[in-house]
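Data first, discussion second: the structure below is written as structure tokens.
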Amino acid sequence: MIRANDPHLHSWIQISPTSDFPIQNLPFGIFSTATRDPRMGVAIGEYILDLYAVAQEGLFDLLSLEDPTIFHTPTLNPFIALGKPVWREVRERVSVLLRNDNPEIRDNDAVMKACLVKKQEATLHLPIKVANYTDFYSSLDHATNVGLMFRNPENPLLPNWKHMPVGYHGRASSIVVSGQPVFRPQGQTKAPETALPSFGPTNELDFELEVAFISGRATDMGSFVMTDEADDYIFGLVLFNDWSARDLQRWEHMPLGPFLGKSFASSISPWVVTLDALEPFRVPGPDQDPKVLPYLTYDGHKHLDINLKVYLQPAEDESLLICQSNTKYLYWNMNQQLAHQTSNGCNLEVGDLYASGTISGSDPDTYGSMLEVTWQGSKPITLPNGTTRQFLNDGDTIIMKGYAERNSIRVGFGELRNKVFPTL
Ligand code: MN
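Quick note on numbering: the numbering used here labels position 167 of the sequence shown as 318, and the sequence is numbered without any gaps.
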């Protein structure tokens, strides 16, 4: 039992029961304010605990950390590289400091002023330097839907799909944080009725609802992470929007898979929710039939029950909830993804991002992309302001939210929000 996850804990900070950031969560991120340069923080209710300030106040002195300035950093990578025992020790200590019976910060005005920052006064930054980025394709319903639309309605799943977590290597340089603009990409497209392709802004800009995990431990080339070791290699999770241009994708994807229709941007939520904080929300996965090969078998509950929502907000107008999905719909879990990723001896680095692939369920209101929601544009959606969408317009904002909930404890990710701007 991880003590920081105890549902009976309460903080001396007032936290709304609908907050994503109760004392049981304590996600890590990078923030700055007018007077604080970028540094590590932990989200708690409407506040951020400044970990560098906490270290400067001597409140981490009893921990095994050799260098408390590790928190004074523009990315989480150096901290993540310290390994799971240190992530745990710091999260447990933060939990103790924020508990209602602990006076160390609570009863010292000067320390409180130094350590607590109002979230509304802070800028949240991309929390990690993304080392490598893999995008899996692990939702059965999404893979089936795309197969129905892009390929063969008779046989939508390719023969390999139920035997391995299919994925591709994506682009790390264009991963941005919530709040950053997404510019409509240009590229080559070819309509079926024309002989030649043309070049211009995409007409089929889309989002993909995903979650991604961040690797916390490097491996050597040639070594292999087993499914039962994978938990020790996972630091935490973020919401992930894998922005996509479907018309570019359709024309370019054969034979080598996604390329420029995907690499123009992906966005992540700013707070990294640790795998430790999500342990209470484990659920069994689906029956995998046919049986998977031995290196992909696993024991225990390795799927997660995280509610996911997507809202589309047109410029200056009311938003519409267009999708409600859940990570428990995924066919392949993170442990299987990591075992498959390393099965050929490919090395892991600290700060790799492994995205799930679009997470769709079986009902149309659980579809995790416009491609599926509007069935390739054939069933446009109507927004509260009366306008319709097949794909995304300039000025539209996509808002993703995610939270797990049990025993009245809600562990969430906050928001992932990005607005679409015209081609630069
Ligand atoms: Mn994707």
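In this text, a Cβ means the ideal position worked out from N, Cα and C, and glycines have one as well.
Inter-residue CB distance, residue i and residue j (contact presumed, cutoff 8 Å)
{"i": "L426", "j": "I385", "result": "5 Å"}
{"i": "Q527", "j": "M300", "result": "5 Å"}
{"i": "F364", "j": "T493", "result": "Not a contact, Cβ separation roughly 14 Å."}
{"i": "A155", "j": "F172", "result": "13 Å between Cβ atoms; not a contact."}
{"i": "P310", "j": "F287", "result": "Between F287 and P310 the Cβ distance is about 18 Å, and since that is not below 8 Å, they are no contact."}
{"i": "D393", "j": "K413", "result": "7 Å"}
{"i": "Y554", "j": "S290", "result": "Wrong, their Cβ atoms sit about 19 Å apart, outside the cutoff."}
{"i": "D357", "j": "S511", "result": "The Cβ separation is near 13 Å, so there is no contact."}
{"i": "Y174", "j": "R244", "result": "Contrary to the premise, residue 174 reads as Ile rather than Tyr in this sequence. Their Cβ separation, rounded to whole angstroms, is 13 Å, which puts I174 and R244 out of contact at 8 Å."}
{"i": "I326", "j": "L504", "result": "7 Å"}
{"i": "W402", "j": "T448", "result": "Not quite, the Cβ-Cβ distance comes to about 39 Å (not below 8 Å), so this is no contact."}
{"i": "N176", "j": "V423", "result": "Contact doesn't hold; Cβ gap of about 11 Å is too wide."}
{"i": "G519", "j": "E359", "result": "6 Å"}
Endpoints, alpha helix (DSSP H) assigned at residue i
{"i": "V297", "result": "291 to 301"}
{"i": "Q488", "result": "485 to 493"}
{"i": "S524", "result": "Correcting the residue type first, residue 524 is Val in the shown sequence and not Ser. From DSSP, the alpha helix (DSSP H) with V524 extends over 521 to 524."}
{"i": "M152", "result": "First-last for M152: undefined, no H or E at that position."}
{"i": "L504", "result": "Counting along the chain, L504 falls outside any alpha helix (DSSP H), though it belongs to the beta strand (DSSP E) covering 504 to 506."}
{"i": "L411", "result": "411 to 414"}
{"i": "L275", "result": "Counting along the chain, L275 falls outside any alpha helix (DSSP H), though it belongs to the beta strand (DSSP E) covering 274 to 276."}
{"i": "I256", "result": "254 to 257"}
Coarse secondary structure for residue i, derived from DSSP in three states
{"i": "H454", "result": "strand"}
{"i": "E467", "result": "coil"}
{"i": "Y554", "result": "strand"}
{"i": "D371", "result": "coil"}
{"i": "A323", "result": "coil"}
{"i": "K566", "result": "Residue identity differs from the one stated: residue 566 is Glu in this sequence, not Lys. In this structure, E566 counts as strand in the three-state DSSP scheme."}
{"i": "G387", "result": "strand"}
{"i": "A194", "result": "strand"}
{"i": "K264", "result": "helix"}
{"i": "A346", "result": "coil"}
{"i": "Q400", "result": "helix"}
{"i": "N392", "result": "strand"}
{"i": "T533", "result": "strand"}
{"i": "N228", "result": "helix"}
{"i": "R561", "result": "strand"}
{"i": "L426", "result": "helix"}
{"i": "F172", "result": "coil"}
{"i": "K341", "result": "coil"}
{"i": "I166", "result": "coil"}
{"i": "L248", "result": "helix"}
{"i": "K270", "result": "helix"}
{"i": "V237", "result": "helix"}
{"i": "K216", "result": "A small correction: the amino acid at residue 216 is Leu; Lys does not occupy that position in the sequence shown. Coil at L216, not helix or strand."}
{"i": "Y462", "result": "strand"}
{"i": "I279", "result": "coil"}
{"i": "F334", "result": "strand"}
Contact with chain D by residue i, beta-carbon distance below 8 Å
{"i": "V247", "result": "Reference to chain D is not applicable here, since this structure consists of a single protein chain."}
Local Cβ density within 10 Å of residue i, reported as buried at 16 or more and exposed below that
{"i": "N466", "result": "The question names Asn, yet the displayed sequence has Ala at residue 466. Exposed: under 16 other Cβ atoms inside 10 Å."}
{"i": "T533", "result": "exposed"}
{"i": "P178", "result": "buried"}
{"i": "G351", "result": "exposed"}
{"i": "E305", "result": "exposed"}
{"i": "Q331", "result": "exposed"}
{"i": "S513", "result": "exposed"}
{"i": "P278", "result": "buried"}
{"i": "R190", "result": "buried"}
{"i": "F572", "result": "exposed"}
{"i": "H223", "result": "buried"}
{"i": "L459", "result": "buried"}
{"i": "Q487", "result": "buried"}
{"i": "R302", "result": "exposed"}
{"i": "H454", "result": "buried"}
{"i": "R568", "result": "buried"}
{"i": "D438", "result": "exposed"}
{"i": "L444", "result": "exposed"}
Beta strand (DSSP E) segment containing residue i, residue limits
{"i": "V205", "result": "Where V205 is concerned, there is no enclosing beta strand (DSSP E), although the alpha helix (DSSP H) it sits in stretches over 202 to 207."}
{"i": "I419", "result": "417 to 419"}
{"i": "D286", "result": "284 to 287"}
{"i": "S366", "result": "360 to 366"}
{"i": "F182", "result": "179 to 183"}
{"i": "F350", "result": "349 to 352"}
Check: residue i C-beta below 7 Å from any heavy atom of ligand 3
{"i": "Y505", "result": "No copy of ligand 3 appears in this structure; the ligands present are ligand 1."}
> Closer than 5 Å from C-beta to any heavy atom of ligand 1: which residues, in chain order?
Replying inline: D286, E359, D393
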